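Residue numbers (this note's numbering): 144 to 617. Virtual Cβ for every residue (Gly too), placed ideally from N, Cα, C. Keep in mind the model is a prediction, meaning the values are calculated, not measured.
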Ligand SMILES: Cc1cc2nc3c(=O)[nH]c(=O)nc-3n(C[C@H](O)[C@H](O)[C@H](O)COP(=O)(O)OP(=O)(O)OC[C@H]3O[C@@H](n4cnc5c(N)ncnc54)[C@H](O)[C@@H]3O)c2cc1C
């Protein structure tokens with residue numbers, strides 16, 4: 144059982160952190176008490192913003208003394224309400240945003256040590272200045288932080304080639320629930336001392352430790368990339384194309400996203416300065432990216448493959464980016480889908496995965512299953528086909544009050560989607576995590592053996608339940 148902080152504890156925290164690191168100002172805290180999607184609203188007696196690992200450790204020790212809960216937060220761009228405190232007003236918000244130094248970059252070893260609050264986009268730029276690249280990117284890169292990315296084991300659009308955050312994290316520094324500092328930053332390729340704390344902390348959503356820094360693997364900066372926007376008739380055709388490109392281009396294939404026309408139409412409606420890459424709309428699109436040393440060489444490679452696919456009728460139309468600017472424009476459409484969907488009105492968002500070869504089946508079957516139970520419901524899928532990971536959004540029937548419909552039927556509609564995913568051997572959370580949004584459905588649908596293991600790990604490391612209570616597991 145956790146408690147609200149006493150006035151004495153708040154004073155001790157204020158003394159420890161100084162005016163830059165401690166606030167109770169409601170206006171300053173307001174943006175950080177609602178999640179990015181605006182679904183969850185919390186309250187907190189104070190926001191703590193430490194600037195060093197030692198300060199985080201001191202905060203945790205002080206709070207443990209009074210059994211006060213802490214909610215770690217980075218850029219607050221998470222999609223499952225994981226960084227939002229509950230509404231009780233007793234949990235302290237622990238913002239890592241002031242810990243925003245890149246401590247080191249070893250160019251030869253291609254390893255950087257970045258603090259938890261470093262924003263992904265800034266980290267990309269820092270690596271690029273050294274001739275290196277951090278090969279993980281996502282639509283929220285302007286706010287998402289290294290600590291949040293580690294703690295959600297974030298994915299994004301380059302997982303096909305480079306893996307998720309777990310693959311890219313070579314070491315972690317974190318403060319554990321008893322206040323001790325776990326220094327696991329050494330980027331060891333081999334380390335068989337039993338359970339891997341680094342892997343446990345990746346994806347732990349702030350429930351096992353406060354990540355204060357990470358050692359991250361970098362790759363050489365690409366001299367070039369080539370991006371193609373491909374029109375297709377169906378996800379089945381997209382999968383055939385993906386397999387062909389993968390076989391023909393191997394390591395050069397870095398991204399393969401699929402997008403239905405309805406998503407592109409929403410982006411064109413709501414996001415300024417976007418334009419359709421093709422002359423005629425198609426039912427589906429694939430956004431394909433190759434990365435390598437020579438732009439012309441990459442262009443020749445992809446042109447040859449896509450021309451053959453056009454000739455065989457697999458592909459309906461193709462636009463090849465003619466410049467870096469045009470590549471950016473293509474990606475802007477993909478990255479703006481979440482924002483455009485949000486502007487379209489309330490919807491249920493599902494971030495799910497199934498084995499790659501079953502993805503077209505899921506995309507085809509799910510809307511029909513949902514409409515069978517909820518006539519008029521609309522479902523659309525977009526995302527990372529190559530990873531078997533689709534963002535599956537369900538919109539209420541057009542002629543209803545969307546918010547009221549979701550309040551009445553949303554949970555049942557989501558349960559249908561998740562049951563379908565599990566039937567196909569998939570996961571109810573591919574990359575966004577569990578947070579508070581999926582906690583109950585995880586407890587309901589996950590295997591008893593897995594749930595018992597998760598609960599045992601949580602109880603073992605955080606016996607007082609002080610780190611991010613109410614998230615991930617109960
Ligand atoms: C437009 C848009 C597109 C996105 N696309 C993708 C995508 O393609 N793939 C993807 O994986 N995600 C995506 N996301 C989700 C989001 O960007 C990621 O989940 C990101 O990792 C969150 O980082 P953050 O710093 O904002 O974390 P927050 O939202 O602040 O926190 C997320 C979780 O991590 C915990 N946490 C944060 N910092 C720490 C820390 N230092 N120590 C311990 N726990 C911590 C929080 O308690 C919370 O549980 C997208 C978001 C947006 C807005």
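First and last residue of the uninterrupted alpha helix (DSSP H) at residue i
{"i": "residue 264", "result": "263–272"}
{"i": "residue 564", "result": "545–566"}
{"i": "residue 342", "result": "340–344"}
{"i": "residue 403", "result": "Counting along the chain, residue 403 falls outside any alpha helix (DSSP H), though it belongs to the beta strand (DSSP E) covering 396–403."}
{"i": "residue 305", "result": "302–305"}
{"i": "residue 291", "result": "289–294"}
{"i": "residue 309", "result": "308–311"}
{"i": "residue 520", "result": "Residue 520 -> no alpha helix (DSSP H), and no H or E assigned at all."}
{"i": "residue 154", "result": "150–164"}
{"i": "residue 199", "result": "196–209"}
{"i": "residue 476", "result": "467–478"}
{"i": "residue 591", "result": "591–604"}
{"i": "residue 389", "result": "378–392"}
{"i": "residue 587", "result": "582–588"}
Reference residue i; option with closest CA among the options
{"i": "residue 565", "options": "585, 552 and 554", "result": "585"}
{"i": "residue 185", "options": "446, 587, 229 and 303", "result": "229"}
{"i": "residue 515", "options": "531, 540 and 500", "result": "540"}
{"i": "residue 417", "options": "383, 359, 198 and 483", "result": "483"}
{"i": "residue 571", "options": "218, 238 and 533", "result": "533"}
{"i": "residue 460", "options": "423, 190 and 251", "result": "423"}
{"i": "residue 170", "options": "156, 153, 286 and 190", "result": "190"}
{"i": "residue 522", "options": "236, 556, 546 and 407", "result": "556"}
{"i": "residue 381", "options": "568, 429, 246 and 473", "result": "429"}
{"i": "residue 410", "options": "473, 244 and 443", "result": "473"}
{"i": "residue 298", "options": "314, 315, 518 and 278", "result": "278"}
{"i": "residue 390", "options": "480, 377 and 445", "result": "445"}
{"i": "residue 387", "options": "449, 166, 542 and 419", "result": "449"}
{"i": "residue 686", "options": "554, 331 and 206", "result": "Because the chain here runs from 144 to 617, residue 686 falls outside it and cannot be looked at."}
{"i": "residue 425", "options": "378, 531 and 467", "result": "378"}
{"i": "residue 252", "options": "264, 332, 441 and 309", "result": "332"}
{"i": "residue 421", "options": "329, 463, 439 and 178", "result": "463"}
{"i": "residue 167", "options": "178, 531, 414 and 153", "result": "153"}
{"i": "residue 223", "options": "183, 243, 249 and 288", "result": "183"}
{"i": "residue 524", "options": "205, 510 and 354", "result": "510"}
{"i": "residue 501", "options": "548, 598 and 568", "result": "568"}
{"i": "residue 274", "options": "266, 447 and 150", "result": "266"}
{"i": "residue 250", "options": "360, 595 and 603", "result": "360"}
{"i": "residue 210", "options": "593, 328, 456 and 235", "result": "235"}
{"i": "residue 466", "options": "447, 244, 455 and 439", "result": "439"}
8 Å contact criterion, which residue i and residue j should meet: CB distance rounded
{"i": "residue 193", "j": "residue 160", "result": "6 Å"}
{"i": "residue 365", "j": "residue 477", "result": "Between residue 477 and residue 365 the Cβ distance is about 18 Å, and since that is not below 8 Å, they are no contact."}
{"i": "residue 290", "j": "residue 270", "result": "Actually they are not in contact, since the Cβ atoms of residue 290 and residue 270 sit about 17 Å apart, beyond 8 Å."}
{"i": "residue 262", "j": "residue 285", "result": "7 Å"}
{"i": "residue 109", "j": "residue 458", "result": "There is no way to answer for residue 109, as the model of the chain reaches only from 144 to 617."}
{"i": "residue 217", "j": "residue 239", "result": "6 Å"}
{"i": "residue 480", "j": "residue 358", "result": "In fact, because the Cβ distance is near 32 Å, the residues do not count as touching under 8 Å."}
{"i": "residue 256", "j": "residue 356", "result": "6 Å"}
{"i": "residue 226", "j": "residue 158", "result": "The Cβ separation is near 26 Å, so there is no contact."}
Within-8 Å CB hit, residue i to chain C
{"i": "residue 236", "result": "Reference to chain C is not applicable here, since this structure consists of a single protein chain."}
Boundaries of the beta strand (DSSP E) in which residue i is found, first to last residue
{"i": "residue 575", "result": "Careful: residue 575 lies outside any beta strand (DSSP E) and carries neither H nor E."}
{"i": "residue 324", "result": "324–327"}
{"i": "residue 170", "result": "No beta strand (DSSP E) holds residue 170; the alpha helix (DSSP H) holding it covers 169–172."}
{"i": "residue 248", "result": "245–249"}
{"i": "residue 439", "result": "Here residue 439 belongs to no beta strand (DSSP E); instead the alpha helix (DSSP H) covers 438–454."}
{"i": "residue 462", "result": "460–463"}
{"i": "residue 417", "result": "Element bounds for residue 417: n/a, residue is neither H nor E."}
{"i": "residue 357", "result": "353–360"}
{"i": "residue 435", "result": "427–435"}
{"i": "residue 257", "result": "254–258"}
{"i": "residue 496", "result": "491–496"}
{"i": "residue 371", "result": "367–375"}
Closer than 7 Å: residue i CB and nearest ligand 3 heavy atom
{"i": "residue 608", "result": "Ligands in the displayed structure: ligand 1; ligand 3 is not one of them."}
(message) Across the segment 341–356 and the segment 605–616, are there enough close Cβ pairs to call them in contact, namely three or more that are closer than 8 Å?
(response) Touching, per the Cβ criterion.
(message) Taking contact to mean 3 or more Cβ pairs, one atom from each stretch, closer than 8 Å, check whether the segment 577–592 and the segment 498–507 are in contact.
(response) Contact between the segment 577–592 and the segment 498–507 is not established, with fewer than three Cβ pairs separated by less than 8 Å.
(request) Decide yes or no for the touch test of the segment 553–562 against the segment 490–498: beta carbon pairs closer than 8 Å, at least 3 of them. (result) Touching, yes.
(message) Any contact between the segment 428–442 and the segment 361–371? By contact I mean 3 or more CB pairs, one from each, below 8 Å.
(response) In this structure the segment 428–442 lies against the segment 361–371, because at least three pairs of beta carbons, one per stretch, are closer than 8 Å.
(message) Assess contact between the segment 197–204 and the segment 332–346, defined as three or more Cβ pairs (one per stretch) separated by less than 8 Å. Is contact present?
(response) Output reads no: the segment 332–346 does not touch the segment 197–204.
(message) Quick check: the segment 297–307 against the segment 393–403, are at least 3 beta-carbon pairs closer than 8 Å?
(response) With the rule of 3 Cβ pairs closer than 8 Å, the segment 393–403 counts as touching the segment 297–307.
(message) Counting beta carbon pairs with one atom in the segment 599–608 and one in the segment 319–335, are three or more of them shorter than 8 Å?
(response) Cβ pair count under 8 Å is three or more, so yes.
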